[in-house]
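Numbering (our numbering), first residue to last: 2 to 157.
Just so you know, even glycine gets a beta-carbon here, dropped at the ideal spot from N, CA and C.
Below is one structure, written out as structure tokens; comments come after it.
Next up, the structure:
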């Protein structure tokens with residue numbers, strides 16, 4: 002297995018993994034991003050995200066997508082948006098290898114925190130993260146506003 006930085010040519014496979022995750026998270030219709038979006042946003046003059054991919058025999062079987070944020074308390078941080086391994090390759094160590102690569106990237110970048118979200122019903126992921134030394138915070142709530150919410154808010 003090879004863990005490497007993602008390239009524009011990998012974005013088709015990355016999008017398929019994103020769609021697979023959306024099905025797993027019971028929101029298959031929620032993915033609207035395209036390969037062109039991923040290439041433009043991840044590989045332009047000011048990339049909005051970065052990826053690592055897990056590859057076996059030339060086939061991408063997993064990916065981790067992350068970006069940098071800034072915490073008013075901690076300074077530079079990494080947000081791990083998604084870590085996905087295709088279902089048939091779970092249990093091969095690919096997820097752990099991608100996770101370790103993200104944490105290594107954080108250390109290289111001297112970030113003071115790496116953060117991500119996990120669904121409360123995804124018990125295997127929660128258990129994995131806790132065993133690795135991560136803290137799953139139960140006192141914080143994720144807040145977001147979708148396109149419709151933005152539009153409605155700005156009407157007022």
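- prompt: Mind checking whether residue 77 and residue 112 have CB atoms under 8 Å apart?
  reply: yes
message: Given this structure, state the Cα-to-Cα distance separating residue 68 from residue 15, to the nearest angstrom.
response: 15 Å
- prompt: What residue ranges within the segment 65-153 form continuous alpha helix (DSSP H) runs of no fewer than 4 residues, ordered along the chain?
  reply: 95-109, 124-132
- prompt: Are residue 43 and residue 53 touching if we call contact CB-CB under 8 Å?
  reply: no
- prompt: So, do the segment 81-99 and the segment 55-65 have three or more beta carbon pairs nearer to each other than 8 Å?
  reply: yes
Span separating the alpha-carbon of residue 4 from that of residue 60: 12 Å
field: From 73, 38, 33, 22, residue whose alpha carbon lies closest to that of residue 10
entry: 38
Reduced DSSP category for residue 56 - H, G, I as helix; E, B as strand; rest coil: strand
Secondary structure of residue 20, DSSP reduced to three states: helix
task: Within its chain, find whatever has a CB closer than 8 Å to the CB of residue 131; leave out the 5 residues flanking it on each side and keep chain order.
output: 137
message: Along the chain, where does the beta strand (DSSP E) containing residue 27 start, and where does it finish?
response: Element bounds for residue 27: n/a, residue is neither H nor E.
- prompt: First and last residue of the alpha helix (DSSP H) that includes residue 11?
  reply: It is not in any alpha helix (DSSP H) - residue 11 carries neither H nor E in the DSSP assignment.
- request: Can you check DSSP and say which residues form a bridge with residue 61?
  value: 56
field: Identity of the residues DSSP links to residue 41 by a beta bridge
entry: The partner list for residue 41 (beta bridge, DSSP) is empty, contrary to what the question assumes.
field: Minimum C-alpha distance to residue 58 - residue among 91, 104, 31, 2
entry: 2
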